[in-house]
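Be aware that the sequence shown starts at 95, since it is given in the numbering used here, and climbs by one per residue.
C-beta atoms are modelled at their ideal positions from N, C-alpha and C, and glycine is treated no differently.
Note that this is a predicted model, so its numbers are computed, not measured.
Comments concern the structure below.
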Amino acid sequence: MHEIITEFFNKTIAVLPTIIVRGIIVIILFSLWPKLVSVIITSYKKALRKRNVDPLLESFTSSMLKTLMYVILFFLIIGIAGVKATSLLTVLGTAGLAVGLALQGSLSNLAGGLLILFFKPFTKGEYIVASSGVEGTVDKIQILYTILTTTDNRVIIVPNSQLANNAITNVSRNPIRRLDMVFSVSYDTPTEKVKEILNRIANAHPSVLKDKPFNIRMSVQNASSLDFICRVWVNKEDYWTTKFDFNEIVKAEFDANNIEIPYQKIDIYRK
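Shown next as structure tokens:
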């Protein structure tokens, strides 16, 4: 028993310097590697910006480069620890199916990111609406997900596969948009009077594009109201401002002309 313990301590003492040196190297790598990655990524981004590369391509490839750098760190540490590369590859090969199944979603997101970069359904700064209901301004695309910023400054992280495999409405791609608004009036309001007021407001508003025709018609006869649809064209950046302006101006004009804006009501008759 004494001989076994002695042999154990002798072997431990023999390899201890090697373990200490390797441990120090690993600690140094862990502490310096993030700084090295940061320097490389920053230099890479500067080089791409000098060449006016698409910002989405910049963020995607930067994300891939960062991932690659940490994969390299992993293999460096494995090598320093004394694990043979052939042994590691054998283990990874044996577990390949399980790893593939586990990473299926991630690989799908990676492929989705590549499709987005290739077909360019949207670019940085454009406002999109996904079929899932998620919407926002495109900030950047990473290796596995796309980052959107909402109008109230929330950050939404969307898997790339969700955007690549489903319908997307790109609100910002075209320079002008049609603004559709519905205004309801009571049944005793003359049709031509409503159309005249809406036409006058549209002609007077500075954001409405005058070279595009207006479309102001009665659209629906509801149970307690007549609905008029007003379609005008505006520059995309004026869309919401114009919509809110119309709501306020139309309300004021209807009040000034004694036009009733109806509400749901029930008439009761007694016999």
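Here Pro-253 carries a strand assignment [DSSP, helix/strand/coil].
The closest CA to that of Ala-258, considering only Phe-213, Asp-349 and Val-115, is found on Phe-213. Taken atom to atom, the span from the alpha-carbon of Thr-283 to that of Glu-354 is near 8 Å.
A buried status is given to Asn-254, since no fewer than 16 other beta-carbon atoms sit within 10 Å of its beta-carbon.
The stretch 324-334 and the stretch 265-281 touch, with no fewer than 3 CB-CB distances between them shorter than 8 Å.
The count of Cβ pairs closer than 8 Å, one atom from the stretch 236-245 and one from the stretch 275-293, stays below three, leaving the stretches out of contact. Look at Thr-245 here: in three-state DSSP terms it is coil, with no helix or strand label. Taking 8 Å as the cut-off, the beta carbon of Lys-160 is found closer than this to the beta carbon of Val-131.
Here Val-302 is buried. Its C-beta has 16 or more other C-beta atoms within 10 Å. For Asp-305, the closest C-alpha among the options Ala-296, Met-312 and Ser-280 is that of Ala-296.
Contact between Asn-203 and Leu-151 does not hold, since the beta-carbon distance rounds to 17 Å and is not under 8 Å.
Per the DSSP secondary-structure output, Ala-224 pairs in a beta bridge with Ile-262.
The three-state secondary structure of Tyr-164, taken from DSSP, is helix. For Asp-332, there is no enclosing alpha helix (DSSP H), since its DSSP letter is neither H nor E. Spatial neighbours of Asn-293 in its own chain (CB-CB distance under 7 Å, excluding positions within 5 residues in sequence) are listed in chain order as Phe-308 and Ile-310. Taking the Cβ atoms as the reference, Pro-215 lies roughly 5 Å from Ile-262, within the contact range of under 8 Å. Bridge partners of Glu-229 according to DSSP: Val-223. Leaving aside the five residues that flank Asp-332 on each side, the residues in its chain whose CB is nearer than 6 Å to its CB run, in chain order, Ser-301. Closest option to Phe-124, judged by alpha-carbon separation, among Asp-148, Gly-227, Gln-198 and Leu-170: Leu-170. Under a 10 Å Cβ-count criterion, Ser-319 is classified as buried, with 16 or more other Cβ atoms of the shown protein chains found around its own Cβ.
Nearest to Asp-349 by alpha-carbon distance, out of Asn-247, Ile-134 and Ser-280, is Ser-280. In the structure shown, Thr-240 adopts extended strand secondary structure according to DSSP, grouped into three states. C-alpha of Lys-345 to C-alpha of Phe-338: approximately 11 Å in a straight line. Gln-236 and Ala-205 have their alpha carbons spaced roughly 12 Å apart. Looking from the CA of His-299, the closest CA among Gly-199, Arg-364, Asn-341 and Ser-266 belongs to Asn-341. Rounded to the nearest angstrom, the Cβ distance from Val-165 to Val-223 is 35 Å, too far for a contact under 8 Å. For the options Leu-167, Pro-128 and Thr-155, the alpha carbon positioned closest to that of Lys-140 is the one of Thr-155.
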